[in-house]
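Colleague: Sharing a structure here in structure tokens format.
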Amino acid sequence: MEVTEVRIFPVDEDRLKAYVTITFDNCFLVRDVKVIHGNKGLFVAMPSKKRKDGTYQDIAHPINKETRAMIEEKVLGEYHRIVSGGLDDSAQE
Numbered sequence: 198m199e200v201t202e203v204r205i206f207p208v209d210e211d212r213l214k215a216y217v218t219i220t221f222d223n224c225f226l227v228r229d230v231k232v233i234h235g236n237k238g239l240f241v242a243m244p245s246k247k248r249k250d251g252t253y254q255d256i257a258h259p260i261n262k263e264t265r266a267m268i269e270e271k272v273l274g275e276y277h278r279i280v281s282g283g284l285d286d287s288a289q290e
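What follows is the structure in structure tokens.
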């Protein structure tokens with residue numbers, strides 16, 4: 198599996214820094230991924246929904262740390278490129 202596109206949509210909020218859309222293998226799209234500024238720096242939060250008890254549950258997420266690291270590397274790399282003045286709001290990887 199390969200991340201083939203990352204689209205960053207920056208927002209001007211306190212902890213939420215961007216919404217992200219990721220495409221895998223040019224055929225599977227995941228929306229509502231978030232770039233969050235946490236206590237230890239930036240991290241990638243997977244799409245989630247609020248449950249009846251008020252907690253949140255991920256809708257889609259990587260099931261191993263290698264896949265999570267690969268996604269975070271691609272997303273945060275593109276986020277840094279965009280916020281540092283990249284020419285386009287998306288990148289083909």
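Take any residue in the sequence shown, note its place counting from 1, add 197, and you have its number in the working numbering. From the three backbone atoms N, C-alpha and C, an ideal C-beta is built for every residue, glycine too.
1) Kindly indicate which residue of Glu-275, Met-198, Arg-248 has the alpha-carbon position closest to the one of Phe-240.
2) In the DSSP assignment, find the alpha helix (DSSP H) that holds Ala-274 and state where it starts and stops.
3) Met-198 and Phe-221 look like a contact to me (Cβ under 8 angstroms); what is the Cβ gap, rounded to whole Å?
4) Using CA atoms only, rank isn't needed, just tell me which of Val-280, Gly-235, Val-272, Val-227 is closest to Asp-255.
5) Taking the alpha-carbon positions, what's the Glu-290 to Ile-219 distance?
6) Find the nearest neighbour of Ala-215 within the set Phe-225, Glu-202, Lys-231, Val-203, judged by alpha-carbon distance.
Modeller: Per the coordinate set shown:
1) Glu-275
2) Going by the sequence as given, residue 274 is Gly instead of Ala. Residues 262-280.
3) 6 angstroms
4) Val-227
5) Because Glu-290 sits at a pLDDT of 40, beneath the cut-off of 50, its placement in the model cannot be relied upon, and the point is left open.
6) Lys-231
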